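Taking my numbering as reference, the numbering of the sequence shown is continuous, increasing by one, and the terminal residue is 957.
Reading through the structure tokens given below for one structure.
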Amino acid sequence: MCAAAWLASGAAYAGNPSAGKEKSKTCAACHGADGNSPNTPDTPRLAGQHADYLVKALLAYQNGTRKNAIMAPMAKPLTLRDMEDLAAFYSRQQGLATFR
Ligand code: HEC
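Right, here's the structure in full:
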């Protein structure tokens, strides 16, 4: 992974999955308790997604580069640390199987 991109994302803190689990309670209504049971077909699965992708997506909703009327208000109150914790939690859940 590119070190410059890593630094640019501000991701110096790796995230705490148990803190992320606590913070994910508001997200569970739509994304499912472990990010695996989206409540509608247009709600993405978060389980097993790369942590840095999740942080990047949340930052984009927060700063308006990714526009979505549902997720913008969800991302708005989050600090970078909240995003890192949430990302650490969801990225550790078993998602769809990938062949490597
Ligand atoms: C009211 C329902 C709802 C809630 C609550 C909700 N989300 Fe979402 N989330 C969505 C929908 C719908 C999308 C797809 C939006 C789009 O098309 O960009 C989404 C997209 C995302 C994405 C982008 C995923 C991808 O594959 O690009 C992330 C990350 C995310 N949500 C995280 C969270 C987190 C973290 C929380 C809790 C703080 C949360 N969401 C709360 C409905 C919700």
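Every residue gets a Cβ at the ideal spot worked out from N, C-alpha and C, and that includes glycine.
Since this is a predicted model, take the numbers as computed values, not measurements.
With fewer than 16 other Cβ atoms from the protein chains shown falling within 10 Å of its own Cβ, Tyr-910 counts as exposed.
Distances between the C-beta of Thr-900 and the heavy atoms of the ligand HEC include at least one below 8 Å. Excluding sequence positions up to five before and after Pro-934, its CB lies less than 6 Å from no other CB in the same chain. Beyond the five residues adjoining it in sequence on each side, Tyr-870 comes within less than 8 Å, by CB distance, of Leu-937, Arg-938, Glu-941 in the same chain, given in chain order. About 6 Å separates the CB atoms of Lys-880 and Leu-943; that is less than 8 Å, so the two are in contact.
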